[in-house]
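> Please find one structure pasted underneath; my questions will follow.
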Amino acid sequence: MSETLRYSREYHPGDTVVEVGDVKIGKGHFAVIAGPCSVETEEQIVAVAKAVKASGASLLRGGAFKPRTSPYDFQGLKGEGLRLLEIAKAETGLPLVSECVSAADLPLFENVDVIQIGARSMQNYELLKAVAQLDKPVLLKRGVVNTLEELLMSAEYILAGGNENVILC
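Add 16 to the 1-based position in the sequence shown for this note's numbering, that's all there is to it.
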């Protein structure tokens, strides 16, 4: 490989700070991201969002799209779940984090502040290339069986595509 990898200190010697509204993540800035695995109802997500804010967390996360092992399990409220997250954001002011599992769904995430790429989608290269084109932060989760090199190369897809706002998890 002759390219200098964008995640490397050789390419980018300074620490990365990702800004999400007034929240800074990286270079000593610590942010707690909290919320439910799945968004289920307006009452649930608003109550959780208020508790998240009261606890001092910086960002609200909630799953609207839920990739599950079983095709019979709850797969999330999808677009309706994102709409409910927007209501919670309006009530609390907390920036939103939610997982996208398909590039085709990205237009639904217009009002989500941080796009999460979950562990199961970490090597969905078409999705990584698509989020690389966005002007918003991406939270990239490492799969339980993935190596650090695989995580970094997944981040490289996003960085090489032009989005330097990558948060590794």
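Note that the Cβ used here is the ideal one computed from N, Cα and C, for glycine as well.
1) Consult DSSP for V62 and reduce its assignment to one of helix, strand or coil.
2) Going by beta carbon distance, what residues of the same chain come within less than 6 Å of V34, once the five residues before and after it are set aside?
3) Expressed to the nearest angstrom, what Euclidean distance is found between the alpha-carbon atoms of A106 and A146?
4) When you compare each of D38, V68, E115, L76 to R84 by their alpha carbons, which one comes out closest?
5) Can you tell me the Cα-Cα spacing of G37 and P111, whole angstroms?
6) Could you tell me if Q132 is buried or exposed, where buried requires 16 or more neighbouring beta carbons within 10 angstroms of its beta carbon?
7) Tell me, to the nearest whole angstrom, how far the beta carbon of G177 is from that of Q149; I am working on the premise that it is less than 8 Å.
8) Which whole runs of the beta strand (DSSP E) in the segment 101-163 are 3 residues long or more, in chain order?
9) Counting C-beta neighbours from all protein chains within 10 Å, is the total for N179 16 or more, i.e. buried, or is it exposed?
10) Taking the beta strand (DSSP E) that E35 belongs to, which residues open and close that run?
11) If I follow the unbroken beta strand (DSSP E) through V48, where does it start and stop?
12) Tell me whether the beta-carbon of T108 lies closer than 8 Å to the beta-carbon of K82.
13) Which word fits F125, buried or exposed, when buried means at least 16 other C-beta atoms lie within 10 angstroms of its C-beta?
14) Taking the alpha-carbon of S137 as reference, which of V161, N127, P123, D151 has the nearest alpha-carbon?
15) Taking L122 and A104 to be in contact with their CB atoms under 8 Å, please state how far apart those CB atoms are, rounded to whole angstroms.
16) Could you compute how far the alpha carbon of A73 sits from the alpha carbon of A63?
17) Measure the alpha-carbon distance for K46 versus V39 and round it to whole angstroms.
18) Quick check on R99: does DSSP put it in helix, strand or coil?
Reading from the atomic positions:
1) The residue given as residue 62 occupies position 46 in the sequence shown. V62: helix per DSSP, three-state reduction.
2) Here residue 34 corresponds to residue number 18 of the sequence shown, with the count starting at 1. Same-chain partners within the cutoff: I41, G42, P153, N181, I183.
3) As a first step, residue 106 is located in the sequence shown; it is residue number 90 there, counting from the start. As a first step, residue 146 is located in the sequence shown; it is residue number 130 there, counting from the start. The alpha-carbon atoms of A106 and A146 are separated by roughly 27 Å.
4) If you number the sequence shown from 1, residue 84 lands on position 68. Residue E115 is the option with its Cα nearest to R84.
5) As a first step, residue 37 must be located in the sequence shown, where it is residue number 21. As a first step, residue 111 must be located in the sequence shown, where it is residue number 95. Going from the Cα of G37 to the Cα of P111 covers about 7 Å.
6) For the purposes of this step, residue 132 is taken as residue 116 along the sequence shown, with counting starting at 1. Buried: at least 16 other Cβ atoms inside 10 Å.
7) Numbered from its first residue, the sequence shown carries residue 177 at position 161. Numbered from its first residue, the sequence shown carries residue 149 at position 133. Yes, G177 and Q149 are in contact; Cβ-Cβ is about 6 Å, under 8 Å.
8) 112-115, 130-133, 154-156
9) In the sequence shown, the residue the question calls residue 179 occupies position 163. Burial call: buried.
10) As a working note, residue 35 is residue 19 in the sequence shown. Taken as a continuous stretch (DSSP letters only), the beta strand (DSSP E) holding E35 covers 34-36.
11) In the sequence shown, the residue the question calls residue 48 occupies position 32. V48 -> no beta strand (DSSP E), and no H or E assigned at all.
12) Walking along the sequence shown from the start, residue 108 turns up at place 92. Walking along the sequence shown from the start, residue 82 turns up at place 66. Taking 8 Å as the Cβ cut-off, T108 and K82 do not qualify as a contacting pair.
13) Position 109 of the sequence shown, counted from the first residue, corresponds to residue 125. By the 10 Å Cβ count, F125 comes out buried.
14) Reading the sequence shown from its first residue, position 121 is the one you call residue 137. Among V161, N127, P123, D151, the Cα nearest to that of S137 is on V161.
15) Residue numbering aside, residue 122 sits at position 106 when the sequence shown is read from its first letter. Residue numbering aside, residue 104 sits at position 88 when the sequence shown is read from its first letter. Contact flag wrong, Cβ pair sits at about 21 Å.
16) Residue 73 sits at position 57 when you count from the first residue of the sequence shown. Residue 63 sits at position 47 when you count from the first residue of the sequence shown. Their backbone Cα atoms lie some 14 Å apart in a straight line.
17) In the sequence shown, residue 46 corresponds to position 30, counting from 1. In the sequence shown, residue 39 corresponds to position 23, counting from 1. According to the sequence shown, residue 46 is Phe rather than Lys. Between F46 and V39, the C-alpha separation is close to 9 Å.
18) Within the sequence shown, the letter at position 83 stands for residue 99. Helix, per DSSP.
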